[in-house]
Amino acid sequence: MRWEIERTFSILKEILEMEYIWYVKHRNYDVSIGEIIVAYNCIVMANKITGISGRKIMYIVI
0 MRWEIERTFS ILKEILEMEY IWYVKHRNYD VSIGEIIVAY NCIVMANKIT GISGRKIMYI
60 VI
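For the sequence shown, counting from 1, position 15 maps to 14 in numbering that gives the first Met the number 0; every step adds exactly one.
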């Protein structure tokens with residue numbers, strides 16, 4: 000299970016260029032993955048609406 004969580008984080012980190020979203024004192028992996036997935040979905044929706052590429056749209060998440 001731990002390996003799958005780390006793998007999911009590494010894949011989403013590469014897609015979103017996010018490193019520190021889950022480095023907190025009392026981290027919860029489920030919540031962290033949920034936050035990353037929500038951020039990714041925001042990028043996808045904004046890309047569909049505006050037609051701007053995913054890399055240029057990162058300012059929405061940050």
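Glycine included, every Cβ here is placed at the ideal spot set by N, Cα and C. Predicted model only: the values in this text are computed from it and were never measured.
As the crow flies, the alpha-carbon of Asn27 is around 11 Å from that of Glu34. The straight-line gap separating the alpha-carbon atoms of Ile51 and Ala45 is approximately 8 Å. In this model, Ile48 and Cys41 are separated by some 10 Å (Cα to Cα). In this structure, the alpha-carbon of Ser9 lies about 16 Å from that of Val37.
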